[in-house]
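Numbering (this note's numbering), first residue to last: -19 to 202.
Shown next, in the form of structure tokens:
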């Protein structure tokens, strides 16, 4: 056969030969220079080992990997040579990002912190720290007996301030009266004063007081 190409042409098989020449070998695979369009309903990568669906740059570097291992934790999306780690669409229904997750302008960090306008455009931990007292930094509540004979006690220091009215129906003399609250150890000082108005020719009245012990005050009436 002097001219094989002419013979194929005469038979009308040029297109057939060209298609066969450039067909992919299903045994070894190959490279397609054009678009691939499938009219079927399924595009499958079959096998028990890892199968990648990848996008590569012209220089061969990987731009993106999409894969799922048999028995693995879920579908993984990898940013390839751009870095940033892998996003996992977990088989438990969750989604895991290697860094932050955004919802509009809000942001959830990898450590659970949240940033957004709800927190004054700052991180949630900073908002809580700037808004509320830290745990264990609260002062103890103050207590009081708010009556004519009463007391007030500081919850932090234990300081006690007491007040009382004594001797209203008593004549001149020295009297011991119980304090509204017994001091845990001792009292510092006591002040006594006349509790009624002084009228003309009545300035002979006087009153003094001092602590006898941590539960008793002694008052002198004249």
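Note that CB positions come from ideal geometry on N, CA and C, so glycine has one too.
Checklist entry - Between the region 88 to 98 and the region 112 to 119, are three or more C-beta pairs nearer than 8 Å? => result no
Item to check | Which listed residue (139, 60, 201 and 46) has its alpha carbon closest to that of residue 122 | outcome: 139
Checklist entry - For residue 59, which three-state DSSP category applies? => result coil
Checklist entry - Roughly how many angstroms separate the alpha carbons of residue 152 and residue 192, rounded to a whole number? => result 19 Å
Next on the checklist: Less than 7 Å between C-beta atoms, sequence neighbours within five positions excluded: which residues of the same chain meet that for residue 148?
Outcome noted: none
Checklist entry - Where does residue 161 fall in DSSP's three states? => result coil
Item to check | Reduced DSSP secondary structure (H/G/I, E/B, other) of residue 89 | outcome: coil
Checklist entry - Does the beta-carbon of residue 25 have 16 or more other beta-carbons within 10 angstroms, so that it is buried, or is it exposed? => result exposed
Next on the checklist: With a threshold of 8 Å on Cβ separation, who are the neighbours of residue 89 within its own chain once the five nearest residues in sequence on each side are excluded?
Outcome noted: 79, 80, 95 and 103
Next on the checklist: Need the endpoints of the alpha helix (DSSP H) that residue 106 sits in, please.
Outcome noted: 104 to 111
Checklist entry - What's the call for residue 199, buried or exposed, on a 16-neighbour Cβ count within 10 Å? => result buried
Item to check | Exposure label - residue 159; buried when at least 16 CB within 10 Å | outcome: buried
Checklist entry - Where residue 23 and residue 62 are concerned, what is the direct C-alpha to C-alpha distance, given to the nearest angstrom? => result 27 Å
Item to check | heavy atom of the ligand MG below 7 Å from residue 60 C-beta | outcome: As presented, the structure is devoid of all ligands, the ligand MG included, so that no description of it is given.
Item to check | Euclidean distance between Cα positions of residue 49 and residue 33 | outcome: 12 Å
Next on the checklist: Tell me the rounded alpha-carbon separation between residue 201 and residue 143.
Outcome noted: 17 Å
Checklist entry - Any Cβ of chain D within less than 8 Å of the Cβ of residue 189? => result As a matter of chain content, chain D is missing from the structure shown, which is built from one protein chain.
Next on the checklist: Could you pull the DSSP bridge partners for residue 132 from this structure?
Outcome noted: 124 and 141
Checklist entry - Out of curiosity, what's the CA-to-CA distance linking residue 51 and residue 72? => result 13 Å
Checklist entry - With 16 other CB atoms within 10 Å as the buried threshold, where does residue 189 fall? => result buried
Item to check | First through last residue of the beta strand (DSSP E) which encompasses residue 42 | outcome: 42 to 47
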